[in-house]
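Per full-length UniProt numbering, the very first residue in the sequence shown carries number 1; after that it's consecutive.
From the three backbone atoms N, C-alpha and C, an ideal C-beta is built for every residue, glycine too.
The structure under discussion appears below in the form of structure tokens.
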Amino acid sequence: MDEGKIISTLVAVKGDKLIFKNSCDVSPLPNGFDADYAYVAKDDAMESNKIRENSTVLVSKTLNLRNGDIALVVVEGNIIIRKFTKSKKMIVLEADNSAYPTIIRSEELVTILGRLSAVFHKFD
């Protein structure tokens, strides 16, 4: 881990291009944390994992996810955080919150952005 590593925040995806802003609420990273970039959660689909709307999550870029990993992915042009499972050529993306449906897509229709490594939120 690079002590004092500065990371950017992913804010959007346009086609195959990731759009970043140059700052992050938790940058430089605290000791013991490593990530390639941050992302601010847009929903409360993963609230059982303490990922609430507007929580800042740290993301490590990887295409090699294990079943059960919490992943940042793009589905139908939307960036989402979900529990990842791969079965044959299908990807299952599950939310903790039952208000959000399970998403099942062929692997060609899901872009994996990375695995979540930490979550931060501000107290109200």
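| Asked | Found |
| --- | --- |
| Would you call T56 buried or exposed, if buried means 16 or more other Cβ atoms sit within 10 Å of its Cβ? | buried |
| Bridge partners of T9, per DSSP? | K21, A38 |
| Quick check on K122: buried or exposed, where buried means 16 or more other Cβ atoms within 10 Å of its Cβ? | exposed |
| Are S81 and V92 closer than 9 Å when you measure CB to CB? | Note that residue 81 corresponds to Ile in the displayed sequence, not to Ser. Cβ distance not < 9 Å, so I81 and V92 don't count as in contact. |
| For T59, count neighbouring C-beta atoms within 10 Å of its own C-beta (all shown protein chains included) and say buried if the count is 16 or more, exposed if not. | The residue you asked about is not Thr; residue 59 is Val in the sequence shown. So V59 counts as buried. |
| From the DSSP output, which residues share a beta bridge with V82? | The sequence shown places Arg at residue 82, not Val. According to DSSP, which records beta bridges pairwise, R82 is partnered with A71. |
| By how many angstroms is the C-alpha of K50 removed from the C-alpha of E94? | 15 Å |
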